Amino acid sequence: MKFEHNTLVSCGLAPHEATIYLILNKQGELDVPSIVKITNMSRTTVYEALSSLLSRKFITYRKQGKIALYGPEHPSKLAPLVDEKRNETERASHDLQNTLKSLTPQYNLTKHKPGVRFFEGEEGINEALEDTFICSKPTYSIVDIEASVKHLPQINKRYRLMCEQRKLEKKMLVYNTPNAKKLALKEKSKLLGIRILNQSIKPAYTSMHIYDNKVGYLTLRKDDMMGIIIDDPHIYQTQLSMFEYLWSVSKEI
């Protein structure tokens with residue numbers, strides 16, 4: 119039964135669980151002392167395995183007088199193991215992809231290469247914005263606030279609430295349009311300083327976020343949403359210097 123045992127273990131059963139199930143499947147109902155004798159396992163290990171197998175409905179349990187008997191369920195009951203293993207693999211794959219995204223910029227920095235990540239759609243925009251939450255230092259942004267509120271109202275609202283909850287300090291430059299001024303006044307707070315850009319700088323359905331040695335660019339067009347995060351201290355410092363100059367010559371609301 120080595121092949122069957124290895125298959126069950128590879129699909130998610132613990133080795134001792136697989137051993138006990140296969141014995142029950144071969145011999146039928148057994149009590150605990152019999153299982154202990156056949157397997158040479160401790161009573162504690164046997165009880166733990168039986169409890170797990172019962173909870174997953176892979177074996178049966180009944181009392182015959184004072185004796186507790188355990189038997190196998192039909193082997194078809196084991197089929198969900200494949201789905202469980204598939205879900206576990208998918209979760210591991212998802213976690214690994216997120217880990218790789220986190221590790222790649224750090225690796226690139228050690229090799230003096232900018233780390234670049236791309237994001238697509240509303241979900242991608244949301245993921246790119248969430249990256250700014252890990253920053254402990256102030257964040258600096260240039261935002262087309264009209265496009266943000268119009269095309270991403272829920273994400274914009276959630277982002278604002280998360281910033282408030284985490285007490286993230288921000289400076290934001292917005293384009294000089296009547297609607298932008300009204301929207302910006304609603305956004306302004308003790309943690310969020312806002313200034314208006316010169317009218318010569320036109321809205322472009324984009325936003326830029328400068329934070330934590332990174333620069334994020336987001337396009338906010340309804341049918342073409344995408345984001346890019348560049349992880350590089352030199353690019354970060356260049357954009358920060360440009361932002362600070364624009365901030366110094368821009369008007370407060």
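In this text, residue positions in the sequence shown follow the working numbering: the first is 119, and each later residue adds one.
Ideal Cβ positions, reconstructed from N, Cα and C, are used throughout, including at glycine.
No experiment lies behind these values; they were computed from the predicted model shown.
Looking at threonine 157: is its Cβ nearer than 8 Å to the Cβ of isoleucine 177? no
4-residue-minimum alpha helix (DSSP H) runs that sit fully inside the segment 233-320, ordered along the chain: 239-248, 263-269, 271-283 and 296-305
Would you list the residues sitting across from lysine 184 in a DSSP beta bridge? The partner list for lysine 184 (beta bridge, DSSP) is empty, contrary to what the question assumes.
How would you call serine 366, buried or exposed, if buried means at least 16 neighbouring beta carbons within 10 angstroms? exposed
Start-to-end residues for the beta strand (DSSP E) that takes in isoleucine 347: In the DSSP assignment, isoleucine 347 falls within the beta strand (DSSP E) that extends over 342-349.
Would you say serine 325 and serine 259 are within 8 Å of each other, going by their C-beta atoms? Yes, Cβ-Cβ distance for serine 325 and serine 259 is below 8 Å.
Out of Glu206, Ser359, Pro151 and Tyr323, state which residue places its alpha-carbon closest to the alpha-carbon of leucine 187. Pro151
Three-state secondary structure (DSSP) at serine 325? strand
Selection from Leu270, Asn216 and Thr257 that minimises the alpha carbon distance to glutamate 240: Leu270
Could you tell me if isoleucine 312 is buried or exposed, where buried requires 16 or more neighbouring beta carbons within 10 angstroms of its beta carbon? buried
Helix, strand or coil: which one does DSSP assign to arginine 174? coil
Start-to-end residues for the alpha helix (DSSP H) that takes in leucine 140: 133-145
For aspartate 201, count neighbouring C-beta atoms within 10 Å of its own C-beta (all shown protein chains included) and say buried if the count is 16 or more, exposed if not. exposed
DSSP-derived helix/strand/coil call for glutamate 370: strand
Could you name the residues of the same chain whose beta carbon sits closer than 7 Å to that of leucine 301, not counting the 5 residues immediately before and after it, in chain order? Correct list, in chain order: Ile263, Glu264 and Val267.
Do isoleucine 314 and lysine 255 have their C-beta atoms closer together than 8 Å? no
Please confirm if the segment 345-353 is in contact with the segment 326-333, defined as three or more CB-CB distances below 8 Å between the two stretches. In this structure the segment 345-353 touches the segment 326-333; the number of beta carbon pairs closer than 8 Å is three or more.
Using only the alpha-carbon positions, how far apart do leucine 336 and proline 190 sit? 57 Å
Distance check for valine 154 and isoleucine 141, CA to CA, integer angstroms please. 11 Å
Cα-Cα, which of Thr217, Arg339, Val127 and Glu147 is closest to isoleucine 185? Of all alpha-carbon atoms in Thr217, Arg339, Val127 and Glu147, the one lying nearest the alpha-carbon of isoleucine 185 is that of Glu147.
Measure the Cβ-Cβ separation of phenylalanine 251 and methionine 344 and say whether it is below 8 Å. no
Measuring CB to CB, does lysine 219 end up less than 8 Å from arginine 235? Yes, these two residues count as a Cβ contact at 8 Å.
Distance between serine 128 and proline 193 (C-alpha atoms, nearest Å): 16 Å
Ends of the alpha helix (DSSP H) at lysine 155? 150-157
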